[in-house]
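Residues 1 to 223 in the UniProt record's numbering are what the sequence shown spells out, letter by letter. Using N, Cα and C, we set each Cβ at its ideal position, and we do this for glycine too. Report on one structure; see the data block that follows.
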Amino acid sequence: MPLTAVIDFETTGLSPAMGDRATEVAIVLMEDGKVVDRFQSLMNAGVRISPFIEAYTGISNEMIADAPPAEEVMAQASRFVGDAPMVAHNASFDRRFWSLELERLGCDAAPGNMHAPFACTLLLSRRLYPEARSFRLGSLAAFHDLPAAGRAHRAMADAEVTAALLARIQRDLERRYEVFDCQHELLVNLGKAPKTKVPETIRKYFEGLPKAAETLDCGSSPQ
Numbered sequence: 001m002p003l004t005a006v007i008d009f010e011t012t013g014l015s016p017a018m019g020d021r022a023t024e025v026a027i028v029l030m031e032d033g034k035v036v037d038r039f040q041s042l043m044n045a046g047v048r049i050s051p052f053i054e055a056y057t058g059i060s061n062e063m064i065a066d067a068p069p070a071e072e073v074m075a076q077a078s079r080f081v082g083d084a085p086m087v088a089h090n091a092s093f094d095r096r097f098w099s100l101e102l103e104r105l106g107c108d109a110a111p112g113n114m115h116a117p118f119a120c121t122l123l124l125s126r127r128l129y130p131e132a133r134s135f136r137l138g139s140l141a142a143f144h145d146l147p148a149a150g151r152a153h154r155a156m157a158d159a160e161v162t163a164a165l166l167a168r169i170q171r172d173l174e175r176r177y178e179v180f181d182c183q184h185e186l187l188v189n190l191g192k193a194p195k196t197k198v199p200e201t202i203r204k205y206f207e208g209l210p211k212a213a214e215t216l217d218c219g220s221s222p223q
């Protein structure tokens, strides 16, 4: 499987469009279902953190005061990701902060991965594990008995758990649907598909590949 970047942000709130900013970013690089590299940094965006968010994330205004500028951290994060496809849990949230924080670098420094499509482990879990009671990251970790990686709502801990969840999803796609080479585009497509259309989405994806690139028939029904 190709290199994949699993990312998580901690922020001052839910909406960058309303002035919320990132306070921490963590990225886990995965290859063949295993973590091969990590990047993590607090960042100072010049926005005060509310007492509620301090309690929720454990990131204080004092910690941020000593952190490097957000633009510097985001430039490093973009270089670390490079061309790797990106994955997050509740990816619509992280994708907004990724894009808008990188936009602040300016046109001359804006990276090519600024608007990269994200695959979402939350959406994928809804399609593959409808029996789960909750699709919060911590709940899915408990559902799959995934190992804890530290305090929840800190970026690296959440990125590590998301990476473990992604590996589980990839194994289950292989076991249930014989998807042995789970490409990023397929993960994105499955996240958008209705739950009842998962086998059909997989079949149509592989039918649309050039014949020379098809190495297996992945349209079989789950056992």
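Item                                                                                                                                                         : Value
Can you round the beta-carbon distance between Leu122 and Phe135 to whole angstroms, since I take them to be within the 8 Å contact cut?                     : 5 Å
Looking at the secondary structure, which residues open and close the alpha helix (DSSP H) in which Met86 lies?                                              : Met86 -> not in any alpha helix (DSSP H); beta strand (DSSP E) instead, spanning 86-88.
Is it buried or exposed, Tyr177, if we count other Cβ atoms within 10 angstroms and call 16 or more buried?                                                  : buried
Given this structure, state the Cα-to-Cα distance separating Leu3 from Arg104, to the nearest angstrom.                                                      : 27 Å
Below 7 Å CB to CB, which residues in the same chain sit around Tyr56 once its five sequence neighbours on both sides are set aside?                         : His153
Check Met114 in the structure and name its three-state DSSP category.                                                                                        : coil
Would you list the residues sitting across from Met30 in a DSSP beta bridge?                                                                                 : Thr4, Val35
Helix, strand or coil: how does DSSP classify Val25 here?                                                                                                    : strand
Determine, using beta-carbon pairs with one atom in the segment 196-206 and one in the segment 59-66, whether at least three such pairs fall under 8 Å.      : no
Do you know how far the Cα of Thr162 is from the Cα of Ala88?                                                                                                : 7 Å
Provide the residue span of the alpha helix (DSSP H) that contains Val161, from first to last.                                                               : 155-177
With distances taken between CB atoms, is the gap from Met74 to Ala116 smaller than 8 Å?                                                                     : no
Taking the alpha helix (DSSP H) that Phe93 falls in, what are its first and last residues?                                                                   : 91-103
Could you pull out every residue in the same chain whose Cβ sits closer than 7 Å to the Cβ of Arg151, ignoring the five residues on either side in sequence? : Gly58, Ala157
Closer than 8 Å by C-beta to Ala148: which residues in its own chain qualify, once you throw out the five before and the five after it? Chain order, please. : Ala141, Ala157, Val161
Ends of the alpha helix (DSSP H) at Leu140?                                                                                                                  : 137-144
Can you have a look at Met30 and say buried or exposed, based on whether 16 or more other CB atoms are within 10 angstroms of its CB?                        : buried
In the DSSP output, which residue or residues are listed as bridge partners for Cys120?                                                                      : Ala88
Taking all protein chains shown into account, decide if Leu42 is buried (16 or more other Cβ within 10 angstroms of its Cβ) or exposed.                      : buried
Can you pull the DSSP bridge partners for Thr11?                                                                                                             : Ala22
Residue ranges of each alpha helix (DSSP H) run of no fewer than 4 residues wholly in the segment 37-63, ordered along the chain?                            : 51-57
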